[in-house]
Each structure stands twice: as C-alpha cells, then as structure tokens.
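Whatever position you read off the sequence shown (first residue = 1), add 35 for my numbering.
All C-beta atoms, glycine included, are put in the ideal place defined by N, C-alpha and C.
Worksheet: the structure to be examined is printed underneath.
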Amino acid sequence: MAPDILLTPGPTPLPPQVREAMARPIIHHRTSQYRAIFKRTLQGMQTVMQTARSVFCLTSSGTGAMEAAVVNLLCPGDEAVVVLGGKFAERWQSLCKTYGISVAPIPLAYGDAVDPQQVAAALAAHPKAKAVFSTLCETSTGVVNEIPAIAAMTRKSRAVLVVDAISGLLADECQTDAWGIDVVVTGSQKGLMLPPGLAFMSLNDRAWALVDQGKSPRFYTDLRLYRKALADDDTPFTSAVSTVVALEAALQLILQRGVPQTIQRCALMAEAARAGVRAIGLSLFARRPSNGVTAVAVPTGIDGKQLTKLMYDRSRVMVAGGQGEMAGKIFR
36 MAPDILLTPG PTPLPPQVRE AMARPIIHHR TSQYRAIFKR TLQGMQTVMQ
86 TARSVFCLTS SGTGAMEAAV VNLLCPGDEA VVVLGGKFAE RWQSLCKTYG
136 ISVAPIPLAY GDAVDPQQVA AALAAHPKAK AVFSTLCETS TGVVNEIPAI
186 AAMTRKSRAV LVVDAISGLL ADECQTDAWG IDVVVTGSQK GLMLPPGLAF
236 MSLNDRAWAL VDQGKSPRFY TDLRLYRKAL ADDDTPFTSA VSTVVALEAA
286 LQLILQRGVP QTIQRCALMA EAARAGVRAI GLSLFARRPS NGVTAVAVPT
336 GIDGKQLTKL MYDRSRVMVA GGQGEMAGKI FR
C-alpha cells in the first residue's frame with residue numbers, strides 16, 4: 036500500500052530526525068540533563084519567534100496558550116477587541132466570553148483579511164479595551180492578516196496586541212519584537228514539524244504588567260508560575276519530555292537553514308501550490324493568502340466532503356476540509 040501523503044494544515048509531516056529523537060529512551064524532566072535541553076530549545080524558540088524576551092512552553096495544544104493569554108491578561112468585566120473572520124479568530128471571542136470579558140468584535144466575511152483601519156476604528160470606539168486579539172494566519176480560511184499595521188494601530192492605544200501565530204509561524208513573517216507585538220502564541224504541530232502537544236508564548240513588559248495585576252482565577256495556565264520556574268530552566272508542571280527532545284532536533288534543522296530562508300522556502304512552495312490550483316481551473320478562497328495554508332474553493336455542484344475522501348481513497352493524499360460554516364465548501 037502506498038504511504039499516506041500528509042498535506043493538511045496541521046499536523047504536518049515529521050522529518051526523520053524528529054521521529055528518531057522522539058524514539059530515544061525517555062529521561063526524567065527534573066534533571067540537569069533535561070533542563071539543559073529545555074534551555075537550548077527555548078533559546079532556539081526565541082530565534083524562531085524573532086524575540087529577545089523569554090519564551091514559555093506549555094504542555095497543551097495551541098488553544099492552551101490562547102486561553103493562558105486571555106485569563107492572565109484580562110479580568111471579568113474588561114473589554115477586548117477581537118478580529119474575526121474564521122473559526123480560530125472566533126475561538127478568541129469564545130475564550131473571552133468564557134472568562135467574562137466584554138468583546139468588541141470586528142466582523143469579517145470568511146476569506147477576508149482585516150483592514151488595519153478597522154482595528155483603529157474599533158479602538159477609537161472602545162477606548163477602555165485592554166487587548167486586541169488577532170490571528171496571523173487564520174487556519175480555517177488560509178488568510179494572513181497585516182500584523183505590522185495592526186500592531187502600529189494598537190500601539191496608539193492602551194491595549195496590548197495578542198497574536199495567534201499557531202499556523203503562521205515559520206511560514207509567514209512574524210517579527211515579534213520589531214513589529215511591537217505584545218504577546219505571541221504558537222503551537223508545535225505546524226511550522227515546527229512536531230506532533231501536537233506543545234504550546235509557546237512570548238510576552239513583553241506591557242503584557243507582563245497586566246499579568247501581574249490580573250485577578251482572574253488561574254492555576255495550570257498561571258504564567259507567573261512559568262516565569263518563576265523558567266528562572267531555573269524548568270516548568271511548573273510535567274513537561275512533554277520526548278516532544279521537547281524532538282523540538283531540539285527540529286530547531287537544529289530550522290536554524291541550520293535559517294529563519295528567513297525557511298519563510299522564503301514556504302513562500303515559494305505556497306506560490307507553486309497556488310499556481311497549481313489556478314492551472315487546473317480552481318479558485319483560491321483567501322483574498323490575502325498565507326504561505327502556511329492554501330484554501331481552495333470547491334466548485335458549485337461538488338460535494339467538498341466527498342472530494343477530500345476521494346483524494347485519500349484514490350491517492351492516499353490527506354487534505355483538510357472546511358470547518359464550521361465552510362464545511363464542504365473549501366479544502367485546505
């Protein structure tokens with residue numbers, strides 16, 4: 036039987052070096068041996084996330100880091116602006132509502148990117164907003180947002196900018212410090228070439244001020260515990276040891292190529308994929324497409340759910356279908 040060809044937005048294929056690292060005998064996480072590995076990986080993540088500030092690692096999916104951002108930065112009754120336009124942007128909204136945050140949404144049609152002026156207008160209309168939540172790449176639609184301009188608009192207000200870079204990191208540019216992004220969250224199973232299970236966060240001083248003032252109940256996601264543990268190159272709770280060991284192997288591959296070169300490679304491959312889509316008469320769904328996810332509109336009269344099944348049954352090619360209201364209408 037032919038091997039599966041994994042082309043989904045995530046998880047993504049694992050290089051042989053990563054699979055080999057995961058297969059090594061497990062070590063204990065409260066040892067100097069593991070702490071040395073953990074320290075090296077987080078230093079590598081600083082390079083990947085293009086930041087000089089500390090990077091924190093949570094044993095969770097990317098949503099765990101998203102929840103940590105909401106519960107640490109905001110308190111019940113606080114106000115936040117949320118850029119919509121897809122399932123994962125809507126997750127920001129759901130998380131905020133779960134913790135009693137008043138949401139000022141910026142509604143967008145699926146497939147559209149936000150106009151930075153919409154962010155400026157929302158902040159002007161809601162001057163008490165403490166945070167703006169956005170995606171870099173909206174995984175559900177393949178749209179990449181103009182984060183540098185959004186960051187510039189946000190800096191004119193009291194709000195911090197929180198960016199979901201889970202599918203965008205290492206595929207689309209994400210210059211955390213240079214662009215002035217206050218908080219970036221990402222996950223392991225996409226550009227980092229790892230299985231799901233690790234999430235990462237970076238916060239600047241403006242964001243930490245909110246964390247330290249925060250009154251929301253928190254335990255596993257309490258970033259103050261992670262900050263305290265990181266002083267000893269440690270974590271407050273059990274690490275996903277084998278995945279962190281594999282992260283070191285993945286980072287070696289990424290940093291040997293270089294972060295700019297990795298992003299350029301993704302851009303080239305994305306353009307090739309988009310050209311192929313157009314060449315067979317199909318249309319792209321995203322008006323501002325990401326390098327990390329290519330969303331293709333399913334032609335009228337075609338059942339998109341059956342299409343993805345047929346691709347796998349006939350060719351062992353695994354792609355993802357649409358999510359939520361886009362189910363059966365696009366594949367990614």
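N- and C-terminal bounds of the beta strand (DSSP E) containing residue i
i: V237; result: In the sequence as presented, Val is not what sits at residue 237; that position holds Ser. Run containing S237: 233-238, per the beta strand (DSSP E) assignment.
i: C92; result: 90-94
i: D10; result: A question about residue 10 goes unanswered here, because the residues of the chain that appear run from 36 up to 367.
i: S169; result: 166-170
i: G222; result: 218-222
Of the listed residues the options, nearest to residue i (C-alpha basis)
i: I201; options: G97, F91, P324; result: G97
i: L245; options: Y261, V218, D268; result: V218
i: V333; options: L227, R313, N326, D348; result: R313
i: A148; options: L119, A166, E125, K165; result: L119
i: Q8; options: E173, V117, E125, V178; result: Residue 8 is absent from the model: the chain starts at 36 and stops at 367.
i: I136; options: A159, A166, P60; result: A166
i: L171; options: A164, Y145, E181; result: E181
i: D240; options: R262, K250, M228; result: R262
i: F168; options: Q248, W214, A308, V198; result: V198
i: A144; options: M353, D212, R351, R322; result: R322
i: A285; options: A164, V138, A159, V53; result: V53
i: A58; options: G316, L290, R349, V276; result: V276
i: V178; options: G121, Q128, V220, W127; result: G121
i: H64; options: S350, G249, S274, R309; result: S274
i: G232; options: F320, S95, T270, G356; result: S95
For residue i, the residue or residues it bridges with in DSSP
i: E114; result: S137
i: A332; result: S318, I365
i: D41; result: According to the sequence displayed, residue 41 carries Leu and not Asp. Its beta-bridge partners are M353.
i: V178; result: E173, P324
i: L204; result: D207
Buried versus exposed, by CB contacts within 10 Å (16 or more), residue i
i: S67; result: exposed
i: T343; result: buried
i: K225; result: buried
i: P44; result: buried
i: T86; result: buried
i: S192; result: buried
i: V73; result: The amino acid at residue 73 is misidentified as Val; the sequence shows Phe. The residue is buried, with at least 16 neighbouring Cβ atoms inside 10 Å.
i: F272; result: exposed
i: G146; result: buried
i: I62; result: exposed
i: A37; result: exposed
i: I141; result: buried
i: D113; result: buried
i: S318; result: exposed
i: Y347; result: exposed
i: A213; result: exposed
i: R126; result: buried
i: I315; result: exposed
i: L345; result: exposed
i: E306; result: exposed
i: I337; result: exposed
Proximity of residue i and residue j at Cβ, strictly below 8 Å
i: Y134; j: L108; result: no
i: F254; j: S175; result: no
i: M188; j: A100; result: no
i: A234; j: L93; result: yes
i: P230; j: T278; result: yes
i: G339; j: G311; result: no
i: V195; j: A242; result: yes
i: G327; j: G222; result: no
i: I298; j: E360; result: no
i: T329; j: R300; result: no
i: T256; j: E102; result: yes
i: F91; j: L288; result: no
i: V83; j: V294; result: yes
i: I368; j: P162; result: The first residue shown for the chain is 36 and the last is 367, placing residue 368 beyond what the model contains.
i: I40; j: M353; result: yes
i: L282; j: T47; result: no
i: A56; j: V280; result: yes
i: A115; j: V138; result: yes
i: L227; j: L205; result: yes
i: R88; j: D268; result: no
i: G79; j: L260; result: no
Host alpha helix (DSSP H) of residue i (start-end)
i: M80; result: 67-83
i: A155; result: 151-160
i: R259; result: 258-265
i: M57; result: 51-57
i: R190; result: 182-190
i: M36; result: That residue, M36, is in no alpha helix (DSSP H); it is neither H nor E in DSSP.
i: S277; result: 276-292
i: G97; result: 97-108
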